[in-house]
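Residue numbers (UniProt numbering), protein chains in the order written: chain Z, 1 to 268; chain D, 1 to 304. Below is one structure, written out as structure tokens; comments come after it.
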């Protein structure tokens with residue numbers, strides 16, 4: 001048997017240090033499975049090509065906040081928001097459920113100085129990073145294709161990160177209530193309409209002036225989509241501020257709920 | 001190291017631990033014995049600072065788990081009942097990342113992981129997936145992982161359940177060495193030979209309370225006789241014969257296939273039985289074991 005040297009016991013981790021270690025763990029897992037990373041990135045790119053550019057050739061430019069924009073330039077920022085949304089969703093739902101129920105990964109972590117707060121922050125940080133990587137890559141595609149019309153677009157990446165944060169946190173919170181894989185049908189059920197109707201492919205005016213439009217305008221992905229669109233087309237309004245506050249609040253509430261739920265589920 | 005006073009744990013209406021007092025001293029190997037559902041694992045989880053205490057007082061290293069959980073856990077090694085390894089990481093990374101969870105720096109984690117691979121005798125499996133390991137290897141990896149932070153106190157919940165005899169002996173050997181190195185061990189088990197081998201002191205738990213406490217030797221002296229005479233007669237005769245030899249020992253226990261006579265002088269019992277004209281098919285005189293104490297205290301019926 002090898003002799004085991006004593007190591008000094010380090011002080012408990014700071015929240016930032018703890019989140020970094022959790023991200024490192026996920027990074028090591030994905031280093032060997034980087035191809036899985038591609039799918040989340042390709043989906044919005046394919047939509048951009050088929051609908052934004054393909055269908056876009058059939059459509060004349062139209063007005064967005066009083067500015068003339070091409071259809072592709074209209075769809076592209078929506079796909080940017082969607083890529084952040086997809087990336088965040090993938091990790092914070094299926095992967096978190098797997099780790100929580102099957103792998104008992106969080107139980108392992110709780111045998112160490114890590115706390116439920118550390119786990120919540122670390123996993124959400126990872127979802128956020130994954131969403132952000134997709135968005136950054138997508139933004140590069142947009143710039144390359146000339147679909148960015150303003151310097152405001154520099155802020156589109158932080159906006160996408162904010163979207164990833166908000167959805168990571170809320171989806172992870174919802175996942176803590178999931179009992180079986182069947183429950184994930186509900187996630188898909190919410191994901192599709194959000195993706196299709198958050199003014200992603202057509203302007204919100206198409207919903208008329210009734211209640212429906214109000215409902216759409218109050219959904220989180222819509223806030224993300226308009227925020228990105230305002231930034232890449234350069235028509236920033238007071239509405240942009242509303243979207244930012246909306247998404248920040250959503251993320252923080254999600255984070256707090258995740259922490260409380262992990263306490264209830266794991267610290268019994 | 002550990003001090004509990006009136007420690008209780010309830011889950012809704014169910015009371016798993018009903019007020020226990022325990023003291024574990026530095027450097028000793030302490031055992032929790034008991035049938036399933038006795039409250040051992042609940043107690044272990046409270047000590048591991050992942051399960052809030054319902055009432056009573058619990059101190060680990062003099063700290064309160066309710067307020068100093070992370071600090072306590074930083075000095076603990078926890079080896080859970082099931083091997084909860086990280087199946088998405090390879091064997092080496094399981095140790096490495098686990099060390100990082102403690103805030104141990106990269107270089108130390110790497111060195112330590114390599115040392116522990118050697119300790120667990122799985123160095124050649126460093127790059128393997130966890131699922132490719134045998135049951136014994138997984139167990140050794142789980143135990144190795146619980147040592148990554150060089151714990152002052154190691155909690156082992158049923159450490160050898162499901163292992164073959166060879167693997168159990170290797171593990172006992174390793175635990176013994178850790179004890180020699182000054183690590184305090186707390187073990188739950190329902191293998192009596194394991195408790196006798198490893199534990200300096202132990203408590204027998206039953207239905208959430210402590211039924212007995214002491215060293216294995218003391219417990220045998222207090223709750224059993226020095227020897228046991230096992231007498232086998234024809235099927236169905238045992239009940240009736242028990243009455244005839246009742247006076248020969250301190251206690252006679254009737255089992256479906258044999259009679260157990262508890263006495264300090266087992267051979268004399270056998271001689272006396274034969275002198276009375278009874279003819280057992282087979283006899284065996286053995287020393288009392290912890291198992292006799294355990295069954296005496298917790299009964300022979302199934303707990304769950």
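Just so it is clear, CB atoms sit at the ideal spot from N, CA and C, and this is done for glycine as well.
When the five nearest sequence neighbours on each side are left out, the beta carbons in the same chain lying within less than 7 Å of the beta carbon of residue 51(Z) are those of 75, 201, in order along the chain.
Counting only Cβ-Cβ distances below 8 Å, residue 78(D) has contacts in chain Z at 111, in chain order. Inclusion of residue 119(D) and residue 149(D) in the CB contact set at 8 Å is not warranted, their separation being larger than that value. With respect to chain Z, the C-beta atom of residue 48(D) has a partner C-beta closer than 8 Å.
Taking C-beta separations shorter than 7 Å and ignoring five residues to either side along the sequence, the partners of residue 158(D) in its chain run 81, 188, 189, following chain order. Under the 8 Å criterion on CB atoms, residue 17(Z) is classed as interfacial with respect to chain D. Around the beta carbon of residue 238(D), 16 or more other beta carbons sit within 10 angstroms, so the residue counts as buried. Here DSSP, grouped into helix, strand and coil, assigns residue 90(D) to strand. In the DSSP assignment, residue 166(D) falls within the alpha helix (DSSP H) that extends over 165 to 180. For secondary structure counted as the alpha helix (DSSP H) over 4 or more consecutive residues, the stretch 78 to 125 of chain Z holds these complete runs in sequence order: 105 to 109. For residue 292(D), the secondary structure class from DSSP, reduced to helix, strand or coil, is helix. Look at the stretch 204 to 223 of chain Z: it has no residue with a C-beta under 9 Å from a C-beta of chain D.
Judged by DSSP secondary structure, residue 184(D) falls within the beta strand (DSSP E) whose first and last residues are 184 to 189. Boundaries of the alpha helix (DSSP H) harbouring residue 223(Z): 220 to 233, taken from the DSSP string.
In its chain, beyond the 5 residues on either side, 159, 162, 227 have a beta carbon closer than 8 Å to the beta carbon of residue 244(Z).
The stretch 131 to 142 of chain Z makes no contact with the stretch 109 to 118 of chain D, as fewer than three CB pairs between them are under 8 Å. Bridge partners of residue 60(D) according to DSSP: 2(D), 63(D). Around the CB of residue 26(D), fewer than 16 other CB atoms lie within 10 Å, so the residue is classed as exposed. A direct Cα-Cα distance of roughly 30 Å separates residue 78(D) from residue 169(Z).
Here residue 44(D) has 32, 155, 157, 186, 188 as same chain residues with Cβ atoms under 8 Å from its own Cβ, once five neighbours each way along the sequence are excluded. Judged by beta-carbon spacing, residue 83(Z) lies beyond the 8 Å limit of residue 49(Z), meaning their Cβ atoms are not closer than that value. Against chain D, the beta carbon of residue 28(Z) has neighbours under 8 Å at 89, 93, 97, listed in chain order. Looking at the DSSP output, residue 18(D) bridges to 8(D).
Here residue 202(D) carries a strand assignment [DSSP, helix/strand/coil].
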